[in-house]
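**Q**
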Amino acid sequence: MFVKEGIIASPGIVIAKALVYEKVIVEVNKNKVEDPDKEIEKFQNAIKKSHEQLETIRIQAISELGEEEGAIFEAHAMVLDDPEFVEGVEAEINDSHLSADNAVKIVTDRFYEIFDQMDDPYFSARAADIKDVGTRVLQNILGIVQADLSQLDEDVIIIADDLTPSDTAQMDKKRVKGFATNIGSRTSHTAIMARSLEIPAVLGLCDITETVKTGDLMVVDGLTGRVCVNPGNEELESYEKEKQKYLDYLKELEELKDLDAITLDGRKVELVGNIGEPNDAAGVLKNGGVGVGLYRTEFLYMNSDVMPGEEKQFAAYRSVLEAFPDGPVIIRTLDIGGDKKLPYLPMDDELNPFLGLRAIRLCFKEVGLFKIQLRAILRASVYGHAHIMFPMISSITEVRQAKAILQDCMKELDDEQIAYDKDVKVGVMIEIPSAAIAADIISKEVDFFSIGTNDLCQYTLAVDRMNQEVSYLYDPFNPAILRLIQLVTATSDKKDQFFTGMCGEMAGDPLAAILLLGLGLDEFSMSALSIPQIKKIIRSVRYEDAKAIATAALNMETGEEIMDFVQESMKKLNLYN
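The structure is reproduced here in structure tokens:
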């Protein structure tokens, strides 16, 4: 027996035999070719065949998993049609006389590198989708057939280096009980699909494919991030008890779906979801979310080969607002720049792009682009409770500048006699320390705050969390971070009808829930699957107790000390952890 630890990607405990899924290694022809036209024909035939395969997979995914998962393969098909991809491959064939397969690999690797280097994990995880599409085209050019996961004769845990959307869409869902992979993160496709399938998954195990053999008995513990290979009878019995305990806990969570997130002594908060595209709204509703706390509109731009127009944006915003007729939908304006670039929007290289032209700063430079988005949001606002949120705000001057542009858009719509919500709420993300420190000043111009802990931590602690050499310094429980959060939430207590939410990853962390509640947070926005557990915690405590825990934590000296204290406090309150 041996145990390995990795990244928790999807909760739960499963015991089954391992199936090591090894992919065929694709070797491309690196020799120069004499007939580029013949290679282009091979490429075009492979694109056509890939389209047909993806459509079959899309229909299967919708049937077995739902519209949200099916939409992944619509995005894959868009890559096949992307002029940057197609013309890039054909240019490599024509200009450099490369084989079709070599050209596809070069262009795919180029796209993959762009996405993989993005600091935002939500976008960097999309690199795997790019790679999946490129690999499919390569295999179709070379006539390679991958191992089939659709026909399994027993329950298994899939062991792989990584799993692509195509792998997971076609596998036998009734037989696959868990995932364990060498690489991956909580925001990777493998993690997203595991949570969608509601099966345990542990990723980032480094060499699990080398240490496990097909047929080994395995335990994947998605609660602790451990995998146990060939456990003894005593270990098996212990895992079975923990598994049943977790299943009982899930039944409790299901009973809370339609209940408010309200503490034992009457403090009510809103639990809402983070989404990247309209299809994500279904998951928020399914898990009891009452609205959207962060609509990342970047995907409208990232998934398009041209700048999305007003009508396309209007339709997307309207569909989300109609999904939540009674709840808020906070739409963050374009947050491009830094690690996220658009191929159709030329941007100069910057020495330090994360401190440069990004988000609201880019929108001030590209006012026409900004106004198209604002007009689309305003027009959609009549279909629900739209809130407009400006990112990367560092001062009240920027808020006033953004609001002036918003007022121009309102005047345009008035002149055109187009309806919109004239009382639409306007807020800002608090993700720069200067904004947190000056929260009381900025609050004079807005209706709400939403704390973005991901960037707030990076900017406050001067640490790139994607850099493994310094990522250990990234600590949302650092006393400096908690004190900044307290500065921001204190504003809500002083103003009527004003609220402070949080849309960073910390909002969905069960260990942080009591702390944030005690600090006075009014709204928690998170991935859909995190909502039930956070609701359970909030409904199980008194607000006064949470405040006492937060007050004590603020007087501690290290993040580690605070985490240990919160864990002990949760145990004393008999909360599941």
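Residue numbering for the sequence shown follows the UniProt record's numbering, starting at 1 and increasing by one per position.
Virtual Cβ for every residue (Gly too), placed ideally from N, Cα, C.
All figures in this text were calculated on a predicted structure; none of them were measured in a lab.
I believe L321 touches I531 by the beta-carbon criterion, under 8 Å. Please report the beta-carbon distance rounded to the nearest angstrom.
**A** Not quite, the Cβ-Cβ distance comes to about 19 Å (not below 8 Å), so this is no contact.
**Q** Spatial neighbours of E445 within its chain, please: CB distance less than 7 Å, with the 5 preceding and 5 following residues excluded, ordered by chain position.
**A** If you ignore the 5 residues before and after E445, its C-beta comes within less than 7 Å of the C-beta of I396, V399, R400, K403, all in its own chain and listed in chain order.
**Q** Threshold first: 3 residues or longer. Then list the beta strand (DSSP E) segments lying entirely within the stretch 164–203, N to C.
**A** The qualifying runs are 176–181, 201–203.
**Q** Quick check on the DSSP output: the alpha helix (DSSP H) that includes S434 runs from which residue to which?
**A** 433–437
**Q** G215 and K17 look like a contact to me (Cβ under 8 Å); what is the Cβ gap, rounded to whole Å?
**A** Indeed they touch by this definition, with Cβ atoms about 6 Å apart.
**Q** Which residues does DSSP pair with N274 in a beta bridge?
**A** In the DSSP assignment, N274 forms a beta bridge with L294.
**Q** Can A9 and R186 be called in contact, C-beta distance under 7 Å?
**A** Contact flag set, yes.
**Q** Can you name the residues that DSSP bridges to G501?
**A** S450, E523
**Q** Can you tell me whether S471 is buried or exposed, with buried defined as 16 or more other CB within 10 angstroms of its CB?
**A** exposed
**Q** Does the separation of the CB atoms of L511 and V424 fall below 7 Å?
**A** no
**Q** Which word fits N577, buried or exposed, when buried means at least 16 other C-beta atoms lie within 10 angstroms of its C-beta?
**A** Unreliable positioning characterises N577 in this predicted model, as indicated by a pLDDT of 48, which lies under 50. The coordinate reading is nonetheless provided below. Burial call: exposed.
**Q** Taking 7 Å as the limit between beta carbons, can you name the residues of its chain near D101, skipping five residues before and five after?
**A** Excluding sequence neighbours, D101 sits near V28, N29, L138, I141, L142.
**Q** Whole angstroms is fine: what's the gap from E113's alpha carbon to G293's?
**A** 30 Å
**Q** What is the DSSP secondary structure of K4, reduced to helix, strand or coil?
**A** strand
**Q** Report the CB separation of F460 from I481 in whole angstroms; it is logged as a contact under 8 Å.
**A** Per the sequence shown, residue 460 should be read as Thr rather than Phe. Yes, T460 and I481 are in contact; Cβ-Cβ is about 6 Å, under 8 Å.
**Q** Looking at C-beta atoms only, is the number of pairs between the stretch 542–549 and the stretch 504–524 that lie closer than 8 Å three or more?
**A** yes
**Q** Exposed or buried, residue 578, counting other C-beta atoms within 10 Å across all chains shown (16 or more means buried)?
**A** The question about residue 578 has no answer, for the chain in this structure spans 1 to 577.
**Q** Check each candidate in L374, M563, D440 and name the one with the smallest Cα separation from D408.
**A** L374
**Q** Would you tell me roughly how many angstroms separate the C-alpha atoms of D184 and E412, rounded to the nearest one?
**A** Before going further, note that residue 184 is Gly rather than Asp in the sequence given. The straight-line gap from Cα to Cα measures roughly 47 Å.
**Q** Quick one: give me the first and last residue of the beta strand (DSSP E) that C206 is part of.
**A** In the DSSP annotation of this structure, C206 is not part of any beta strand (DSSP E), being labelled neither H nor E.
**Q** Given a cut-off of 7 Å on the beta-carbon distance, is the pair P200 and V79 in contact?
**A** no
**Q** Among the residues of its own chain, which have a CB less than 8 Å from the CB of D415, if the five just before and after it don't count?
**A** none
**Q** Can you give me the Cβ contacts of P433 inside the same chain, cut-off strictly under 8 Å, excluding the 5 residues immediately before and after it?
**A** L456, Y459, T460, L484
**Q** Compute the distance between the beta-carbons of M502 and I451, then report whether it is under 7 Å.
**A** A contact, by the Cβ cut-off of 7 Å.
**Q** I believe S85 touches F43 by the beta-carbon criterion, under 8 Å. Please report the beta-carbon distance rounded to the nearest angstrom.
**A** It is worth fixing the name first, because residue 85 is Phe in this sequence and not Ser. Wrong, their Cβ atoms sit about 11 Å apart, outside the cutoff.
**Q** When burial is assigned at 16 or more other CB atoms within 10 Å of the CB, is F2 buried or exposed?
**A** If you draw a 10 Å sphere on the C-beta of F2, you find fewer than 16 other C-beta atoms in it, and that means exposed.
**Q** My assumption, with CB atoms under 8 Å, is that A191 sits in contact with Y21. Please give the rounded CB distance.
**A** Contact flag wrong, Cβ pair sits at about 17 Å.
**Q** Spatial neighbours of G88 within its chain, please: CB distance less than 6 Å, with the 5 preceding and 5 following residues excluded, ordered by chain position.
**A** V107
**Q** So which of I157, I208, L203, A77 has the shortest CA-CA distance to T224?
**A** L203
**Q** Please determine, among N94, G504, S492, T489, the residue with the shortest C-alpha to C-alpha distance to P476.
**A** Looking at the Cα atoms, G504 is the closest of the given residues.
**Q** For R332, which residues does DSSP report across the bridge?
**A** R296, M389
**Q** Find the nearest neighbour of K422 within the set A380, A435, Q497, D116, judged by alpha-carbon distance.
**A** A380
**Q** Considering V426, what are the terminal residues of the beta strand (DSSP E) in which it resides?
**A** 425–430
**Q** Could you check where the alpha helix (DSSP H) with V405 kicks off and where it finishes?
**A** Inspection of the sequence shows that residue 405 is occupied by Ile rather than by Val. Taken as a continuous stretch (DSSP letters only), the alpha helix (DSSP H) holding I405 covers 396–415.
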